[in-house]
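Asker:
In mature numbering (1 follows the signal peptide of the UniProt record, and there is no 0), the protein residues as written are -26 to -1, 1 to 460.
1) Candidates 263, 231 and 244: which alpha carbon is nearest residue 286's?
2) Which residues in the same chain as residue 101 place their Cβ atom closer than 7 Å to its Cβ, once the five residues preceding and following it in sequence are excluded?
3) Does DSSP put residue 244 in a helix, in a strand, or in coil?
4) Only counting runs of 4 or more residues, tell me where the alpha helix (DSSP H) segments fall wholly within the region 116 to 182, in order along the chain.
5) Sort out for me which residues DSSP pairs residue 53 with in a bridge.
6) Go through its chain and collect everything with a Cβ distance to residue 327's Cβ below 8 Å, but skip five positions before and after it.
7) Among 133, 354 and 344, which has the Cα closest to the Cα of residue 463?
8) When you compare the CB positions of residue 138 and residue 38, do they come within less than 7 Å of one another, or not?
9) Assuming contact is defined by CB atoms lying nearer than 7 Å, are residue 203 and residue 346 in contact in what I supplied?
10) What residues match up with residue 410 in a beta bridge as DSSP calls it?
11) For residue 343, name the three-state secondary structure that DSSP assigns.
12) Going straight from the alpha carbon of residue 77 to that of residue 298, what length do you get?
13) Quick check: the Cα distance between residue 70 and residue 118, rounded to an integer number of angstroms?
14) Can you tell me which of the three DSSP states residue 96 falls into?
15) Among residues of its own chain, excluding the 5 on either side of residue 30, which ones have a beta-carbon nearer than 6 Å to its beta-carbon?
16) Using the C-alpha atoms, what's the distance from residue 360 back to residue 271?
17) Please report the distance separating the alpha-carbon of residue 308 from that of residue 450.
18) Going by beta carbon distance, what residues of the same chain come within less than 8 Å of residue 253, once the five residues before and after it are set aside?
19) Rounded to whole angstroms, what is the Cα-Cα separation between residue 367 and residue 154?
20) CB-CB under 7 Å to residue 239, same chain, minus the five flanking residues each way: which ones, in chain order?
21) Less than 7 Å between C-beta atoms, sequence neighbours within five positions excluded: which residues of the same chain meet that for residue 311?
22) Please list the terminal residues of the continuous alpha helix (DSSP H) segment that includes residue 283.
23) For a test of your reading of the model: does the CB of residue 451 fall under 6 Å from any non-hydrogen atom of the ligand PLP? Yes or no.
24) Please work out which residues of its chain come closer than 8 Å, Cβ to Cβ, to residue 12, disregarding the five sequence neighbours upstream and downstream, and give them in chain order.
25) Rank 46, 33, 18 and 14 by C-alpha distance to the C-alpha of residue 418 and give the top, closest one.
26) Just to confirm, are residue 300 and residue 306 a CB contact at a threshold of 7 Å?
27) Cβ of residue 53 within 7 Å of Cβ of residue 395?
28) Taking the alpha carbon of residue 295 as the point to measure from, which residue in 160, 112, 213 and 322 has its own alpha carbon closest?
29) Relative to the C-alpha of residue 289, which candidate in 370, 317 and 316 has its C-alpha closest?
30) Pick from 329, 257 and 339: whose alpha carbon is nearest that of residue 112?
31) Looking only at its own chain, which residues have a Cβ that is under 6 Å from the Cβ of residue 94, when we skip the five neighbours before and after it?
32) Alpha carbon to alpha carbon, how far is residue 129 from residue 62? Give it in angstroms, no decimals.
33) Where does the unbroken alpha helix (DSSP H) through residue 107 begin, and where does it stop?
34) Just to confirm my understanding: we take residue 151, look at its own chain, exclude 5 residues before and 5 after, and list those with CB closer than 6 Å. What are they?
35) Round the Cβ separation of residue 64 and residue 164 to the nearest angstrom and send it over; I've been treating them as touching at under 8 Å.
36) Would a C-beta distance cut-off of 7 Å place residue 293 and residue 199 closer than the cut-off?
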């Protein structure tokens, strides 16, 4: 086993391929540490799913390891007895697909002809030349892996939650923590980094051992739970592999808002507008976000865009998330009901154990997944639903929409269910209560806007979902009758 900041770890149940990727990730992740001074950009609020957690939760900036207790959290006579957290992985590298598009754009800049003499004569800068010479440090091997900043996201989240819920995250409970993760290396590594944060909480100043040697235990892979969308054939066929499913995304790319940006960027970079397309513009915008999140650098890519451009590009990203992640096509949110059931099964078991005076077998359940794990579940629960759907044609009308993916699922986003036992309850029904937190802030109930619910009332509200969840039937493709008619 390696020791130090680049150590390897074992996963209890994992496909061989996932383990191989995790090993490669562990060996290659020893650079690009977070700088001391945080760099900001006016574009940061508009990066969608590429948003840094602290940009969506700026109250953490003064001290990212200190918990910020929401004043609406229950206290006094109600004691938390179980916490179930669904956590998106931390900050990651771009995917290979994104890196190759960036390389294509970089090649266009390097192949430009002589710059516009009028610009130089007027003393103007040639941003295209600056970007052509700007180091293109992304490599294919990075392919969405967790970066050091992403590990820091997880360690700091662990420290905050352990301080906010000290009874649940007590050292005595460490061996009873349950960790489940997607097989993707960025999620496996996020779970490991979270455990390292807990070690730091329990043993300040001591370097953590390998995750496999910790008493809390390594994460367990369960893709049917954390990547339910990959196991839903109807979603894969009708949405993921369907070229027409994202009609509104493609239509917006060729609409007036994006075409205006294309022409503007072509002029700024001094390249023919016909050489650019919406995908290249979007990858340039995201490169600004990746440079900020990974290296803490405000690169020249950020200077290509202004806030009006950023709002349009955010909408393009949100359109894709909206139509793929359970808001436009509901099959993805319906297929998340298995995960929703799993959460309530944990809560039910904790209630039963508490009622029978048994110790809670799993006081903390931590599940590490993706934006595409969280968004369909939030849709299923009724959150962030706008009166009108997001389309290619109502950008201006949706300027104040509820569905802004960067505010909902930035890197390291988290949806937390906290089950409380209230000892002075007047009735047995009032004995168990639940609060939900989104990104460490109390999330009002979608149906009532109350900040706390009796557990039985919450179960009753979602009764139809919990009782009618038949994912295998929902995800089954309609059978095609190929027999000849008589």
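Backbone N, C-alpha and C define an ideal beta-carbon position, used for all residues, glycine too.
Answerer: Straight from the coordinates:
1) Taking the first residue of the chain shown as 1, we reach residue 286 at position 312. The shortest C-alpha separation from residue 286 is found at 231.
2) As a first step, residue 101 is located in the chain shown; it is residue number 127 there, counting from the start. The answer, listed in chain order, is 242, 243, 274, 277 and 278.
3) Within the chain shown, residue 244 is the residue found at index 270, counting from 1. Reduced to three states, the DSSP call for residue 244 is coil.
4) 122 to 138 and 159 to 176
5) Counting from 1 along the chain shown, the entry for residue 53 is found at position 79. Here residue 53 is bridged, per DSSP, to 395.
6) In the chain shown, counting from the first residue as 1, residue 327 sits at position 353. The residues are 333, 334 and 335.
7) Here the chain comprises residues numbered -26 to 460, so residue 463 is not present and cannot be evaluated.
8) Counting from 1 along the chain shown, the entry for residue 138 is found at position 164. Counting from 1 along the chain shown, the entry for residue 38 is found at position 64. Not a contact, by the Cβ cut-off of 7 Å.
9) Position 229 of the chain shown, counting from 1, holds the residue named residue 203. Position 372 of the chain shown, counting from 1, holds the residue named residue 346. Yes, these two residues count as a Cβ contact at 7 Å.
10) In the chain shown, counting from the first residue as 1, residue 410 sits at position 436. Residue pairing of residue 410 in beta bridges, as defined by DSSP: 391.
11) As a working note, residue 343 is residue 369 in the chain shown. Of the three classes helix, strand and coil, the one that applies to residue 343 here is strand, per DSSP.
12) What you label residue 77 is simply residue 103 of the chain shown in a count that begins at 1. What you label residue 298 is simply residue 324 of the chain shown in a count that begins at 1. Cα to Cα, residue 77 sits roughly 27 Å from residue 298.
13) Taking the chain shown and counting its residues from 1, the one referred to as residue 70 is at position 96. Taking the chain shown and counting its residues from 1, the one referred to as residue 118 is at position 144. Rounded to whole angstroms, residue 70 to residue 118 spans 7 Å at the Cα level.
14) Here residue 96 is taken as the residue at index 122 of the chain shown, counted from 1. The pLDDT assigned to residue 96 is 39, lower than 50, so where the model puts this residue is not dependable, and the model offers no usable value.
15) Within the chain shown, numbered from 1, the residue matching residue 30 stands at position 56. Closer than 6 Å at Cβ, skipping near neighbours: 381 and 384.
16) Counted from its first residue, the chain shown places residue 271 at position 297. Counted from its first residue, the chain shown places residue 360 at position 386. Their Cα atoms are separated by approximately 35 Å.
17) Locating residue 308 in the chain shown gives position 334, counting from the first residue. Locating residue 450 in the chain shown gives position 476, counting from the first residue. Per the coordinates, the alpha-carbon of residue 308 lies some 12 Å from the alpha-carbon of residue 450.
18) Sequence index remark: in the chain shown, residue 253 carries index 279 (1-based). Close CB contacts of residue 253 within its chain, under the 8 Å cut and outside five residues either way in sequence, are with 75 and 227 (chain order).
19) Within the chain shown, the letter at position 393 stands for residue 367. Within the chain shown, the letter at position 180 stands for residue 154. Straight-line Cα distance between these residues: approximately 40 Å.
20) On the chain shown, residue 239 is found 265 positions in, with the first residue counted as 1. Around residue 239: 250, 255 and 278.
21) Counted from its first residue, the chain shown places residue 311 at position 337. Excluding sequence neighbours, residue 311 sits near 354, 439, 443 and 445.
22) Numbered from its first residue, the chain shown carries residue 283 at position 309. Taken as a continuous stretch (DSSP letters only), the alpha helix (DSSP H) holding residue 283 covers 281 to 298.
23) Of the ligands one can find in the structure shown there are none, so the ligand PLP has no counterpart to examine.
24) Sequence index remark: in the chain shown, residue 12 carries index 38 (1-based). Only 28, 35 and 270 meet the Cβ criterion.
25) Counted from its first residue, the chain shown places residue 418 at position 444. Among 46, 33, 18 and 14, the Cα nearest to that of residue 418 belongs to 46.
26) Residue 300 sits at position 326 when you count from the first residue of the chain shown. Residue 306 sits at position 332 when you count from the first residue of the chain shown. Going by C-beta atoms, residue 300 is nearer than 7 Å to residue 306.
27) Taking the chain shown and counting its residues from 1, one reaches residue 53 at position 79. Taking the chain shown and counting its residues from 1, one reaches residue 395 at position 421. Yes, the Cβ-Cβ distance between residue 53 and residue 395 is below 7 Å.
28) Working through the chain shown from its first residue, we reach residue 295 at position 321. Answer by Cα proximity: 213.
29) The residue given as residue 289 occupies position 315 in the chain shown. Of the candidates 370, 317 and 316, the one whose C-alpha sits nearest the C-alpha of residue 289 is 370.
30) To locate residue 112, count along the chain shown from 1; it is residue 138. For residue 112, the nearest C-alpha among the options comes from 257.
31) Numbered from its first residue, the chain shown carries residue 94 at position 120. A caution first: residue 94 carries a pLDDT of 41, below 50, which makes its placement in the model too unreliable to give a value.
32) In the chain shown, counting from the first residue as 1, residue 62 sits at position 88. In the chain shown, counting from the first residue as 1, residue 129 sits at position 155. Distance between the alpha carbons of residue 62 and residue 129 is about 13 Å.
33) In the chain shown, the residue the question calls residue 107 occupies position 133. 101 to 107 is the extent of the alpha helix (DSSP H) around residue 107.
34) One-based indexing of the chain shown puts residue 151 at position 177. Closer than 6 Å at Cβ, skipping near neighbours: 190 and 338.
35) As a working note, residue 64 is residue 90 in the chain shown. As a working note, residue 164 is residue 190 in the chain shown. Sure, about 5 Å apart at Cβ, within 8 Å.
36) Within the chain shown, numbered from 1, the residue matching residue 293 stands at position 319. Within the chain shown, numbered from 1, the residue matching residue 199 stands at position 225. Contact flag unset, no.
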